[in-house]
């Protein structure tokens, strides 16, 4: 079980894994789209990176690949200079796969009270693979 408690339960159910702050960054002008807000693809790439952080803690010796990004919802735009926080929580561990919920919050660059606003959320599925990229059990035999 993960002992980090950086955030609320993201999975919306009794979960054996805590929410953790997996990534925090400030995005730059190079990350913008034609409207001047942060490009959604940049946010998705960071979601993928943040989601694998708690997954690797399950079995650091395993290699994991992303197989699906589901239920992606962009609630609010992200602007250059916003402090962007990616919170991740393992929601389900299967035999070869792990489902993770990632929520993205921002502190607006001009907001003096430090309030975080939920801007994006997604569910990501990772699969443990061997050196031939074939699915293998997530957990070692001793933990299954």
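Residue numbers (the numbering used here): 8 to 151.
Beta carbons are placed, not taken as given, at the ideal position from N, Cα and C, and that holds for glycine.
Beta-carbon proximity list for residue i, same chain, < 8 angstroms, skipping 5 on both sides
{"i": "residue 98", "result": "17, 18, 20, 22, 24, 106, 107, 108, 130"}
{"i": "residue 9", "result": "Low per-residue confidence applies at residue 9: pLDDT is 40, beneath 50, and the placement is therefore not dependable, though the value from the model is reported in the following sentence. 24, 25, 27, 61, 64, 97, listed in sequence order."}
{"i": "residue 125", "result": "82, 83, 110, 111, 112"}
Distance CB(residue i)-CB(residue j) smaller than 8 angstroms
{"i": "residue 41", "j": "residue 61", "result": "no"}
{"i": "residue 127", "j": "residue 111", "result": "yes"}
{"i": "residue 144", "j": "residue 103", "result": "yes"}
{"i": "residue 85", "j": "residue 34", "result": "yes"}
{"i": "residue 95", "j": "residue 57", "result": "yes"}
Nearest residue (CA-CA) to residue i, options the options
{"i": "residue 48", "options": "141, 76, 139, 89", "result": "76"}
{"i": "residue 1", "options": "138, 66, 114", "result": "No statement about residue 1 is possible, as the shown extent of the chain runs from 8 to 151 and does not include it."}
{"i": "residue 82", "options": "121, 32, 37, 45", "result": "45"}
{"i": "residue 100", "options": "114, 94, 71, 92", "result": "71"}
{"i": "residue 141", "options": "56, 43, 69", "result": "69"}
Cβ shell of residue i (< 6 angstroms), same chain only, five flanking positions each side left out
{"i": "residue 88", "result": "116"}
{"i": "residue 74", "result": "132, 134"}
{"i": "residue 31", "result": "92"}
DSSP-derived helix/strand/coil call for residue i
{"i": "residue 106", "result": "strand"}
{"i": "residue 142", "result": "strand"}
{"i": "residue 62", "result": "helix"}
{"i": "residue 29", "result": "strand"}
{"i": "residue 87", "result": "coil"}
{"i": "residue 42", "result": "coil"}
{"i": "residue 115", "result": "coil"}
{"i": "residue 17", "result": "coil"}
{"i": "residue 51", "result": "helix"}
Sequence-distant residues of its chain with Cβ nearer than 7 angstroms to residue i (five each side left out)
{"i": "residue 78", "result": "129, 130"}
{"i": "residue 3", "result": "Lying outside 8 to 151, the shown extent of the chain, residue 3 is not represented and no answer is given."}
Element boundaries [beta strand (DSSP E), containing residue i]
{"i": "residue 99", "result": "90-100"}
{"i": "residue 46", "result": "First-last for residue 46: undefined, no H or E at that position."}
{"i": "residue 129", "result": "124-136"}
{"i": "residue 70", "result": "70-81"}
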